[in-house]
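A.B. asks:
Chains as they are written, first to last, in the numbering used here: chain A, 17 to 280; chain B, 899 to 1156.
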């Protein structure tokens, strides 16, 4: 791949963003749509400023639900993958049911989740976990079974046990896969938390997160504020993705080919 | 061919993978402790499979394989395997890669560290213990791989085309280094290669194999005394041996269908 200079990496998205905003204004002017149907970016920023304290507080609430669900998904996803990676028969017996769980619409499960996990934060965390842990398990399991066969042979030649092979070979080899799964999960976690707040949190009066704001702005037809809420949840998602990118760098930059080696 | 106490012994060995065709047929072999045996032949002749049978990574189908008087798997702690690519773990530093067999055996950390540096010094790489594999050249990686294999002080070293991916100069130098290492801590070697010159330089016995199924077509004895030096390659006797093995190789390649 050809290397792109750093300044261009910043300039290119700025240019495409500007084009996008210009298109937005163009459509608004050409269509004659009103502010409460298609607000302009400036109107959205104004709404964000007016609603800043509510948005800030709500983002904080949502962050807890998203973080809880994400950490749970990362931890349980890791453990479940190791269990699936241990043996072919375990994989065969559990994987179809995992798919079934993933294909069940979370919206169908929400009443059950409220019933079992309780309303408020526990329910929100459960919904977030459900939405974000599947890509982690799929990626990590794929990583655990994709180990270089020569490396496996090397471990066999050293009389390594299954546990040693898992700990010192399969798990480290699967780290790039696990981190790729975490990255997808990081984008899903805030979405999951907002959805959870919308579906679960409100049934008990709500925890006041972004999902609750969506509900409240919608009923008040405050459309610019709704856009501002969407923007806030994007920012929250960016923070999650940035955190995973940092983790990714910390784990992989010394040895993995996705990072350039240091000169020496 | 009969050695008094063979370290590796094949009796009427046959091998097929699953329900596939015969890969190896009717192999008889007896290697003495002092042997450096090379296996050469057209691709698909099963020479790598021979090493897999000795290491126990793959079971024989018929016949008997004995290593150091016992089964291949029971003799594993006396053998080490060097693969075609260096098979270093990319997330470990050179030093930790060399330590790996000792770690898997459960040796304590200070002992491992000492042994790792000793081995790295032996292959002339004590300065790069902290480097990751991707920072090393192909030749350096292979040296690390050899150092790792030698940490266990194996009686038997299995090498599956270890220098096949290297340029000729590096390959020649590593050939010389391998013989030096063997002079310091003796081991029996089973060496799979495509290079006739390499086989002649290293071995005292060369097994030329034919394919479909793999059989020993001929054995060539190479009686140049060890230690062998680089200039051996320029001797007419050396060239004559290379020609002899090449002729045998042409015979089996004419027979082979591919």
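Just so you know, even glycine gets a beta-carbon here, dropped at the ideal spot from N, CA and C. Only a predicted model underlies this, so the values are computations on that prediction, with no experimental measurement involved.
Is residue 272 of chain A helix, strand or coil by DSSP?
C.D. replies: As a first step, residue 272 of chain A is located in the first chain; it is residue number 256 there, counting from the start. Note: residue 272 of chain A maps to coil in three-state DSSP.
A.B. asks: Among the candidates A/113, A/204, A/215, A/216, whose CA atom is the shortest distance from the CA of residue 249 of chain A?
C.D. replies: Stepping through the first chain from its first residue, residue 249 of chain A is reached at position 233. Checking every option, the nearest Cα to that of residue 249 of chain A belongs to A/204.
A.B. asks: For the alpha helix (DSSP H) containing residue 971 of chain B, name the first residue and the last one.
C.D. replies: Within the second chain, the letter at position 73 stands for residue 971 of chain B. Looking at the DSSP string, residue 971 of chain B is not in any alpha helix (DSSP H), and its letter there is neither H nor E.
A.B. asks: In whole angstroms, what is the alpha-carbon distance linking residue 1035 of chain B and residue 132 of chain A?
C.D. replies: On the second chain, position 137 is the one that residue 1035 of chain B refers to. On the first chain, position 116 is the one that residue 132 of chain A refers to. Going by the C-alpha atoms only, they are around 58 Å apart.
A.B. asks: For chain B, is any of its Cβ atoms less than 8 Å away from the one on residue 271 of chain A?
C.D. replies: Numbered from 1 along the first chain, position 255 holds the residue referred to as residue 271 of chain A. Closer than 8 Å to some Cβ of chain B, the Cβ of residue 271 of chain A qualifies, so yes.
A.B. asks: Could you have a look at residue 1117 of chain B and say whether DSSP puts it in helix, strand or coil?
C.D. replies: Taking the first residue of the second chain as 1, we reach residue 1117 of chain B at position 219. Residue 1117 of chain B falls in the strand class under three-state DSSP.
A.B. asks: By DSSP, does residue 909 of chain B sit in helix, in strand, or in coil?
C.D. replies: As a first step, residue 909 of chain B must be located in the second chain, where it is residue number 11. Of the three classes helix, strand and coil, the one that applies to residue 909 of chain B here is strand, per DSSP.
A.B. asks: In whole angstroms, give me the CA-to-CA distance for residue 269 of chain A and residue 947 of chain B.
C.D. replies: As a position in the first chain, residue 269 of chain A is number 253, starting the count at 1. As a position in the second chain, residue 947 of chain B is number 49, starting the count at 1. Distance between the alpha carbons of residue 269 of chain A and residue 947 of chain B: 37 Å.
A.B. asks: When the Cα atoms are used, what is the spatial distance from residue 1086 of chain B to residue 969 of chain B?
C.D. replies: Taking the first residue of the second chain as position 1, residue 1086 of chain B is located at position 188. Taking the first residue of the second chain as position 1, residue 969 of chain B is located at position 71. Taking the straight line joining both Cα atoms gives about 17 Å.
A.B. asks: Between residue 934 of chain B and chain A, is there a C-beta pair that is closer than 8 Å?
C.D. replies: For the purposes of this step, residue 934 of chain B is taken as the residue at position 36 of the second chain. Output row for residue 934 of chain B: interface = no.
A.B. asks: State the start and end residues of the unbroken beta strand (DSSP E) segment that holds residue 1157 of chain B.
C.D. replies: For chain B, the structure presents residues 899 to 1156; residue 1157 of chain B sits outside this window and is missing.
A.B. asks: Can residue 1081 of chain B be considered in contact with the ligand SAM, in the sense that its beta carbon sits closer than 7 Å to one or more heavy atoms?
C.D. replies: What this structure holds is no ligand at all, so the ligand SAM is not there to describe.
A.B. asks: Taking C-beta pairs closer than 7 Å, name the residues in chain B that residue 277 of chain A reaches, listed in chain order.
C.D. replies: To locate residue 277 of chain A, count along the first chain from 1; it is residue 261. Near residue 277 of chain A (Cβ distances below 7 Å), the residues of chain B are 1032, 1033.
A.B. asks: Return the CA-CA distance between residue 126 of chain A and residue 143 of chain A, expressed in angstroms with no decimal places.
C.D. replies: Within the first chain, numbered from 1, the residue matching residue 126 of chain A stands at position 110. Within the first chain, numbered from 1, the residue matching residue 143 of chain A stands at position 127. Computed Cα separation, rounded: 8 Å.
A.B. asks: Look at the alpha carbon of residue 176 of chain A and the alpha carbon of residue 1002 of chain B, and state the distance between them as a whole number of angstroms.
C.D. replies: Position 160 of the first chain, counting from 1, holds the residue named residue 176 of chain A. Position 104 of the second chain, counting from 1, holds the residue named residue 1002 of chain B. Residue 176 of chain A and residue 1002 of chain B: Cα-Cα distance of roughly 6 Å.
A.B. asks: Counting contacts by CB-CB distance shorter than 8 Å, is residue 999 of chain B in contact with chain A?
C.D. replies: By 1-based counting over the second chain, the position of residue 999 of chain B is 101. Yes, because at least one Cβ of chain A sits closer than 8 Å to the Cβ of residue 999 of chain B.
A.B. asks: Go ahead and label residue 228 of chain A buried or exposed: buried means 16 or more other beta carbons lie within 10 angstroms of its beta carbon, across all protein chains shown.
C.D. replies: In the first chain, the residue the question calls residue 228 of chain A occupies position 212. Buried, by the Cβ-count rule.
A.B. asks: Which residues, taken in chain order from the stretch 168 to 180 of chain A, show a beta carbon closer than 9 Å to some beta carbon of chain B?
C.D. replies: The stretch 168 to 180 of chain A vs chain B, Cβ under 9 Å: 169, 170, 171, 172, 173, 174, 175, 176, 177, 180.
A.B. asks: Using a Cβ cut-off of 8 Å (strictly closer), state whether residue 926 of chain B contacts chain A.
C.D. replies: Taking the second chain and counting its residues from 1, the one referred to as residue 926 of chain B is at position 28. With 8 Å as the cut-off, residue 926 of chain B does not count as an interface residue toward chain A.
A.B. asks: Within 10 angstroms of its Cβ, does residue 233 of chain A collect 16 or more other Cβ (buried), or is it exposed?
C.D. replies: Position 217 of the first chain holds residue 233 of chain A. Residue 233 of chain A is buried by the Cβ-count criterion.
A.B. asks: What residues from the stretch 944 to 960 of chain B come within 7 Å of chain D, judged by C-beta to C-beta, listed N to C?
C.D. replies: Note that chain D does not occur in the displayed structure, where the protein chains are A and B.
A.B. asks: Which residue spans inside the stretch 124 to 197 of chain A form an unbroken alpha helix (DSSP H) run of at least 4?
C.D. replies: As far as the stretch 124 to 197 of chain A is concerned, its whole alpha helix (DSSP H) runs of at least 4 residues are 137 to 161, 165 to 173, 178 to 181.
A.B. asks: Which partner residues does residue 1106 of chain B have in the DSSP bridge list?
C.D. replies: Against the second chain, residue 1106 of chain B aligns to sequence position 208. Note: residue 1106 of chain B sits in a beta bridge opposite B/938, B/1116.
A.B. asks: Does the count of Cβ pairs from the stretch 1037 to 1050 of chain B and the stretch 990 to 1001 of chain B closer than 8 Å reach three?
C.D. replies: Yes: the two stretches touch, three or more of their Cβ pairs being nearer than 8 Å.
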